[in-house]
Amino acid sequence: MKPPRISLEQWLAFKTVVDRGSYALAAETLNKSQSSISYAINRLNQQLPKPVLKLQGRQAVMTDEGQVLYRHAQQLLQQAGEAEAVAASLAMGFESEVTVALDVLVEIDSLICAFEEFSQQFPHTRIRVLETSLSGTTEALLEAQADLVIGSVTPVGFSGIPLMRITMLPVAAPSHPLVNDRSEVAELELRGFRQVVLRDTGSHREQDAGWLGSERRWTVSHFSSSIKMVKSGLAFAFLPRNWIEQELAAGELRQIPLRQSMERTVQMYLMLADKQAAGPATKALAGLIAGSIDKNSG
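Quick note on numbering: the sequence shown equals residues 6 to 303 in this note's numbering.
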């Protein structure tokens, strides 16, 4: 890659002259002599195919080419400033990225406020979200694929902060035989109907949470797909209430009237993959998530 001929100092001089309207004011702003500003702009004009500034009386005016290059200069200087800020953050021990493994039982909407507040406190730390399910969530914790994990299982040797309780409901479309003019449904009857189940994202072992043993099943990777399939009237599923509240309220989905209730409540926990090695950004995000969910549930 050919190194640039024009320095950041020249681009800064150009931008400041434009912003302040004169060489004298630019020199005052940058705490430099007016002659050094003039030299930087003259060199800039010489090194470019066409000049970016011209003098009209005592006022510096951008040329057409200067108007285009001004925007590029802004971006270049901003990126340089951000690079220095990132370096300063790393020097202070802030992580460049925090990875969160989020079990799909939890809607990401509940974390957005915490993510936004975190980005204001740690603007140079990225957030990466891994959407996992069943044993894949535990695997992300045990294999340190993530810094923070939100899941329903707390393995031996780990501790978790209770976040929320999620209720799984057996539901179907209003036109489905399981809810259409039915007073009660026995559990064995469910085995005779097609069920939508969630794929286990774990690579070592598969769990079949919520699966009743029916061979007539469709397997999907996310609850958003489950909801669409169930709404079609072609299958039923056990779905988290927090994912389907709008559909239940609108009558697009109905709870299957089981003879014996099969509602299942799942406790979700927030866990640190490594408490000792967790950096300040990871710990801060954990606190913000816990506080945000507690505030919303309250």
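Idealized CB from N, CA, C, for every residue including glycine.
Return the bridge partner residues of threonine 21 from the DSSP annotation. Translated into the one-based positions of the sequence shown, residue 21 becomes position 16. Answer is none; threonine 21 lacks a bridge partner.
CA nearest to the CA of isoleucine 4, picked from Trp248, Ala92 and Glu189: Residue 4 cannot be examined here, being either before or after the span of the chain that is shown, 6 to 303.
For leucine 82, collect the residues of the same chain with a Cβ closer than 8 Å to its Cβ; drop the 5 residues on either side in sequence, then sort them by chain order. Here residue 82 is taken as the residue at index 77 of the sequence shown, counted from 1. Answer for leucine 82: Leu13, Trp16, Leu17 and Lys20, listed in chain order.
Please state if the CB of leucine 139 and the CB of threonine 224 are separated by a distance shorter than 8 Å. One-based indexing of the sequence shown puts residue 224 at position 219. One-based indexing of the sequence shown puts residue 139 at position 134. For threonine 224 and leucine 139, no; Cβs fall outside 8 Å.
Going by C-alpha to C-alpha distance, which of Gln281, Ser38 and Leu263 sits closest to glutamate 194? Looking up residue 194 in the sequence shown gives position 189. Ranking the options by Cα distance to glutamate 194, first place goes to Leu263.
Apply the 10 Å Cβ neighbour rule to glycine 303 and answer buried if 16 or more other Cβ atoms are within range, or exposed otherwise. In the sequence shown, residue 303 corresponds to position 298, counting from 1. Confidence at glycine 303 is low in this model, with a pLDDT of 40, below 50, so the placement of that residue is unreliable and no value is reported for it.
Buried or exposed (CB count within 10 angstroms, at least 16 for buried), leucine 290: Start at 1 with the first residue of the sequence shown, and residue 290 comes out as number 285. That one is buried.
If I measure Cβ to Cβ from glutamate 122 and keep anything under 6 Å in the same chain, skipping five residues before and after, which residues do I get? Against the sequence shown, residue 122 aligns to sequence position 117. The residues are Leu293.
Please report the straight-line C-alpha distance between proline 245 and lysine 288, rounded to a whole angstrom. Here residue 245 refers to the residue found at position 240 when the sequence shown is read from its first residue. Here residue 288 refers to the residue found at position 283 when the sequence shown is read from its first residue. So the alpha carbons of these two residues sit roughly 28 Å apart.
Which residues mark the beginning and the end of the beta strand (DSSP E) in which valine 134 is found? Taking the first residue of the sequence shown as 1, we reach residue 134 at position 129. Unbroken beta strand (DSSP E) run through valine 134: 131-137.
Straight-line CA distance for valine 134 to alanine 106? In the sequence shown, counting from the first residue as 1, residue 134 sits at position 129. In the sequence shown, counting from the first residue as 1, residue 106 sits at position 101. Each residue's alpha carbon lies about 6 Å from the other.
Is it true that the segment 263-283 meets the segment 160-169, where meeting means three or more beta-carbon pairs spaced less than 8 Å apart? Flag = yes, the segment 263-283 and the segment 160-169 touch.
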